[in-house]
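K.L.:
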Amino acid sequence: MTTRFTGIKLGPPIEVFALQKAFVDDSYENKVNLSIGAYRTSEGKPWVLPVVRKVEKSLAADDLQNHEYLPVLGLDAFSEAATSMLLGADSPVIVQGRAFGIQSLSGTGSLRVTAEFLNRVLQYDTFYYSKPSWENHRLVFTNGGFKHAREYTYWDKETRSIDIEGMLSDLRNAPENAVIILHACAHNPTGCDPTPEQWAKIADVIEEKRLFPLFDSAYQGFASGDLDKDAYAVRMFAERGIEFICTQSFAKNFGLYNERVGNIVFVLNDTKELVQAKSQLALIIRGMYSNPPNHGARIVATVLRNPILFEEWKEHIRTMSDRIKEMRIGLQHRLLKLGTPGVWDHIVQQIGLFSYTGLTERQVQHLRNHYHIYMLRSGRVNMCGLNESNLDYVAGAIHETITLLPETRDLHCKC
Ligand SMILES: Cc1ncc(COP(=O)(O)O)c(C=O)c1O
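Shown next as structure tokens:
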């Protein structure tokens, strides 16, 4: 039988999902999954936040809920609450009507819509993403129409910290209107964010060179446990009067990974352009997925708009970020106690879900082959894949691997 589908090239596997599958298929009893970017409890289980469960139950019992289409730009109640959460309820840009949000599909879909808007409507064609970055930025932006993908220096692997001079120099050399993707907090994969002084320098160059900042906010509240602290950079840009877009994901901080809850926040200098911008966004979304799903956005809107539920949720994000911090301390202590070659300060200094361990690709492979411990090739580990039951095992495995394959760069971390 003939088929039109012969000759299709096999695409490369998507590392994080390929690892997840390999982990599930692995029958070894003590296997450990440190790859996928999702929260796990101290029992190694996914966590449905109690406040989410509570709201889900009340929605299920509410006969007024239905399954009608949402508007193309989503639920206003959700977008408004999400925008306030990002910028601060009394932010001048909100009060002056210079900010608005539209609902989209978690972080990835929000970035994809934004890319298409920036490319088709504003006609920007060059974007910069950090080196290294979340591995999907490049694909999303090139699929969104951008012709020129460039990296800016971010990580200095020798010092395990941000190479701020390298970053600023790359930004200074970027062409006008280049879109600069910035991680709002908890940089993925390095776990290392600019300091307030460094953010100020980044903002200076962006303003001076007329670049366009795009914040990717996938971890607000989840990183430090404090919503305001994690929004520092975004709010500073707003205060300085810089126009920007910020994509928000509610996958991690609400544990709503598969509900695809996202918001795109626009901060403009001139409210006259708002209606036109929204009309173009509506066309992009209409031609892409028509309108967003209801369930997750309704949950988030309900929680953010109700002071009691909001406090409950804030307690949950503290629980998650505290557990991650405990695991950082737990791993560092054990490596130090074992006398593992290298300096392990970065494990506790980095923030957010991930640690960029500095393990080499060969060491990562060894950990997988010999100990059934799964992590990304880059040495990025999800800290909450660790728990009291596997910390000794993982620390011991890292210790033995480094002792056998001594390839780490054991220099100091300054972040
Ligand atoms: C930096 C960054 N941006 C965006 C996302 C988007 O995730 P989602 O589409 O699940 O919201 C992630 C998820 O890992 C991320 O780490």
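Heads up: the sequence shown runs through residues 1 to 415, numbered per full-length UniProt numbering.
Note that beta-carbon positions come from the ideal geometry of N, C-alpha and C, so glycine has one too.
#1: What are the residues that DSSP puts in a beta bridge with glycine 262?
#2: What residues are listed by DSSP as bridge partners for glutamate 151?
#3: Is the number of C-beta pairs between the stretch 381–398 and the stretch 52–63 that are closer than 8 Å three or more?
#4: Could you tell me which residues DSSP pairs with tyrosine 374 in its beta bridges?
#5: Cβ of tyrosine 128 within 8 Å of Cβ of isoleucine 180?
#6: Could you give the DSSP three-state label for histidine 187: helix, strand or coil?
#7: At a threshold of 7 Å, does tryptophan 134 count as lining ligand 1 (C-beta to nearest heavy atom)?
#8: CA-CA distance, glutamate 135 and leucine 59?
#9: For arginine 138, collect the residues of the same chain with a Cβ closer than 8 Å to its Cβ; drop the 5 residues on either side in sequence, then sort them by chain order.
#10: Taking a contact to mean a Cβ-Cβ separation below 8 Å, would you say proline 213 touches phenylalanine 244 in this structure?
#11: Is the stretch 330–340 in contact with the stretch 277–293, if contact means three or more CB pairs nearer than 8 Å?
#12: State yes or no: is the C-beta of glycine 262 nearer than 7 Å to some heavy atom of ligand 3?
#13: Is serine 249 near ligand 1, with its Cβ less than 7 Å from a heavy atom?
#14: Closest to cysteine 246 by CA distance: which of Asn33, Ser106, Ala38 is it?
#15: Compute every distance between the C-beta of tyrosine 39 and the non-hydrogen atoms of ligand 1, then say whether any falls below 7 Å.
#16: Going by other Cβ atoms of all chains shown within 10 Å of its Cβ, with 16 needed for buried, is proline 71 buried or exposed?
#17: For the stretch 362–379 against the stretch 13–32, do three or more pairs of beta-carbon atoms, one drawn from each stretch, fall closer than 8 Å, so that the two count as touching?
#18: Pick out whichever of Ile308, Pro92, Glu208 has its Cα sitting closest to the Cα of glutamate 176.
#19: Going by Cα to Cα distance, which pick from Leu338, Met327, Leu256 is closest to valine 348?
#20: Once DSSP output is grouped into helix, strand and coil, what is the label at leucine 118?
#21: Give every residue of the same chain whose Cβ lies closer than 7 Å to the Cβ of arginine 409, excluding the five residues on either side of it in the sequence, and list them in chain order.
#22: Just list the alpha helix (DSSP H) runs in the stretch 203–229, keeping only unbroken ones of 4 residues or longer that don't cross its boundaries, in chain order.
#23: Have a look at Glu312, Glu400, Gly144 and flag the residue whose alpha-carbon is nearest the alpha-carbon of glutamate 116.
P.N.:
In brief:
#1: Ser104, Ser249
#2: Tyr129
#3: no
#4: Asn33
#5: yes
#6: coil
#7: yes
#8: 36 Å
#9: Tyr129, Ala149
#10: yes
#11: no
#12: Although ligand 3 was asked about, the structure shown includes only ligand 1 as ligands.
#13: yes
#14: Ser106
#15: no
#16: exposed
#17: yes
#18: Glu208
#19: Met327
#20: helix
#21: Only weak support exists for where arginine 409 lies, its pLDDT of 48 falling under 50; the coordinates are left without a value.
#22: none
#23: Gly144
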